[in-house]
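Q:
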Ligand SMILES: *Cc1c(COP(=O)(O)O)cnc(C)c1O
């Protein structure tokens with residue numbers, strides 16, 4: 220150890236001495252004694268390690284003021300939440316990694332109202348006896364879907380698992396080979412089947428399945444016929460699938476239930492928003508399905524949930540299954556879902572009230588106007604190392620809903636002006652946007668950084684532009 224290192228070592232103040240300084244007292248007032256003590260200990264330990272390794276440690280680094288400044292910064296950073304709002308400018312409206320559907324204010328208010336204190340979650344206010352948490356959404360859901368009964372769980376993956384376990388344990392479920400999908404995040408139909416304790420009986424081929432394929436597979440071991448909406452891909456060309464009414468008829472002739480995993484599911488005809496028709500829960504049940512299941516936070520535009528709707532006897536069996544207890548929704552989800560479902564009672568005003576549908580229906584002109592306003596400010600913030608243009612782009616719905624469908628949109632496209640090191644420059648740019656206090660998530664494509672402005676609406680435009688000055692591109 221050199222003399223200078225030894226003297227730096229000995230000049231490191233003790234924890235006690237540091238904690239008695241006025242600066243430390245101020246920190247203790249705002250963060251508490253324990254967190255400040257821990258942060259001081261950590262900082263001193265890091266200093267000693269750096270000195271022992273002869274890393275560049277300077278006299279200033281061991282002063283009380285600097286130690287406490289580092290401690291303050293660290294405590295401040297620790298306070299910022301890990302889960303936080305971001306701007307989704309990826310061009311994928313229902314982005315699973317970015318939390319899927321944005322909720323309307325009414326739903327947020329409903330969540331706040333029931334989370335603050337006690338609620339009648341499972342308490343029947345007219346009898347004063349124990350109630351059932353599904354009742355809060357049961358009537359609206361039954362009306363909207365035409366189902367006899369419903370139940371809700373944590374998400375649609377849980378709904379599928381639960382239906383299979385409750386109705387097909389140790390028995391066979393017949394599914395077309397064209398529908399053995401993987402949705403991402405380890406949701407693969409064959410795996411879900413075996414997790415649920417059901418046996419997958421695949422029939423037909425990848426592109427073509429006929430009624431006789433199902434007919435020949437039915438045996439005393441069969442528990443149900445199942446259809447899975449191939450939500451994230453399309454089979455095109457020489458294809459054949461058995462229609463819902465045909466599958467239902469075949470199932471019923473053999474006294475078996477016909478179950479459909481609709482995936483996204485929707486309660487309204489999407490053609491009114493200029494989107495292609497997506498089968499609704501109501502249509503699926505009307506065409507003979509005994510049960511359907513779908514997500515709460517895909518096209519429905521609500522909270523994460525899995526909805527099962529259909530025949531009362533089957534729902535009763537599902538509700539008795541112990542897995543239902545393990546997969547049930549919490550009060551906040553039920554509060555939000557109840558609110559969303561009520562909005563569906565007034566189909567004419569859906570696009571104005573459900574943010575997901577509003578974003579999907581948003582017109583290119585409107586996005587263009589936003590882009591024009593925002594681009595000038597972005598231009599100033601970025602300086603001359605980058606050039607910005609407004610370009611036509613195509614948003615997608617996301618979460619496997621209508622995978623082939625694209626929505627005309629406008630993006631702010633940022634290109635580095637220097638010809639060299641474009642890849643690195645773009646990565647730095649993307650990082651700088653992610654490091655903003657409300658991170659901005661875009662995408663790198665064709666040697667440019669793209670910000671699709673479909674999801675930047677009037678309500679959050681100021682929040683976006685006001686932080687651009689803080690962009691720090693390394
Ligand atoms: C999305 C999807 C699921 C899973 O739904 P989560 O709500 O994400 O759990 C299951 N099946 C299909 C067909 C889907 O598209």
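In my numbering, the protein residues as written are 220 to 693.
We treat Cβ as the ideally placed atom computed from N, Cα and C, and that holds for glycine.
Because the structure is a prediction, the values reported are computed rather than measured.
#1: How many angstroms separate the CA atom of residue 528 from the CA atom of residue 593?
#2: Give me the Cβ distance between residue 447 and residue 398, rounded to the nearest whole Å; I'm assuming they're in contact under 8 Å.
#3: Roughly how many angstroms separate the alpha carbons of residue 515 and residue 277, rounded to a whole number?
#4: What's the call for residue 443, buried or exposed, on a 16-neighbour Cβ count within 10 Å?
#5: CA-CA distance, residue 288 and residue 259?
#6: Report buried or exposed for residue 272, applying the criterion of at least 16 other Cβ atoms within 10 angstroms of its Cβ.
#7: Taking the beta strand (DSSP E) that residue 612 falls in, what are its first and last residues?
#8: Of the residues 359, 486 and 631, which one's Cα is nearest the Cα of residue 659?
#9: Counting beta carbon pairs with one atom in the segment 584–598 and one in the segment 548–563, are three or more of them shorter than 8 Å?
#10: Any residue with its Cβ nearer than 5 Å to a heavy atom of ligand 1 should be included. What is that list in chain order?
#11: Quick check on residue 628: buried or exposed, where buried means 16 or more other Cβ atoms within 10 Å of its Cβ?
#12: Does DSSP classify residue 635 as helix, strand or coil?
#13: Since I believe residue 372 is in contact with residue 543 (beta carbons under 8 Å), could you give me their beta-carbon distance rounded to a whole number of angstroms?
#14: Measuring straight from C-alpha to C-alpha, what distance separates residue 493 and residue 469?
#15: If you measure between the beta carbons of residue 692 and residue 637, is that distance less than 8 Å?
#16: Are the Cβ atoms of residue 483 and residue 282 separated by less than 8 Å?
#17: By the DSSP assignment, the alpha helix (DSSP H) with residue 657 in it spans what residues?
#18: Around the Cβ of residue 324, are there at least 16 other Cβ atoms within 10 angstroms (buried) or fewer (exposed)?
#19: Residue 642 to residue 666, Cα distance in whole Å?
#20: For residue 396 and residue 421, which I take to be in contact (beta-carbon distance under 8 Å), what is that distance rounded to the nearest angstrom?
#21: With DSSP collapsed to three states, give me the class of residue 382.
#22: Quick check: what's the CA-CA separation for residue 437 versus residue 319?
#23: Can you tell me which of 673, 634, 612 and 598 puts its alpha carbon nearest to the alpha carbon of residue 579?
#24: Going by DSSP in three states, residue 628 sits in which element: helix, strand or coil?
#25: Just to confirm before moving on: does the CB-CB distance between residue 476 and residue 383 stay below 8 Å?
#26: Who are residue 529's beta bridge partners in DSSP?
#27: Looking at the unbroken alpha helix (DSSP H) that takes in residue 578, where does it start and where does it end?
#28: With distance defined between alpha-carbon atoms, name the residue in 601, 664, 234 and 690 nearest to residue 252.
#29: Straight-line CA distance for residue 540 to residue 387?
#30: How many Å lie between residue 316 and residue 229 at the Cα?
#31: Return helix, strand or coil for residue 479, following the three-state DSSP convention.
#32: Does the contact criterion of 3 or more C-beta pairs under 8 Å hold for the segment 502–511 versus the segment 555–566?
#33: Which residue's Cα is closest to the Cα of residue 590: 574, 607, 575 and 603?
#34: Is the beta carbon of residue 677 sitting closer than 8 Å to the one on residue 656?
#35: Does the separation of the CB atoms of residue 321 and residue 558 fall below 8 Å?
A: Answer, in terms of the structure:
#1: 44 Å
#2: 4 Å
#3: 57 Å
#4: buried
#5: 10 Å
#6: exposed
#7: 605–617
#8: 631
#9: no
#10: 374, 375, 376, 402, 448, 450, 480, 482, 514 and 619
#11: buried
#12: strand
#13: 7 Å
#14: 35 Å
#15: no
#16: no
#17: First-last for residue 657: undefined, no H or E at that position.
#18: exposed
#19: 7 Å
#20: 5 Å
#21: helix
#22: 38 Å
#23: 673
#24: strand
#25: no
#26: 368 and 510
#27: 574–580
#28: 234
#29: 12 Å
#30: 49 Å
#31: strand
#32: no
#33: 607
#34: no
#35: no
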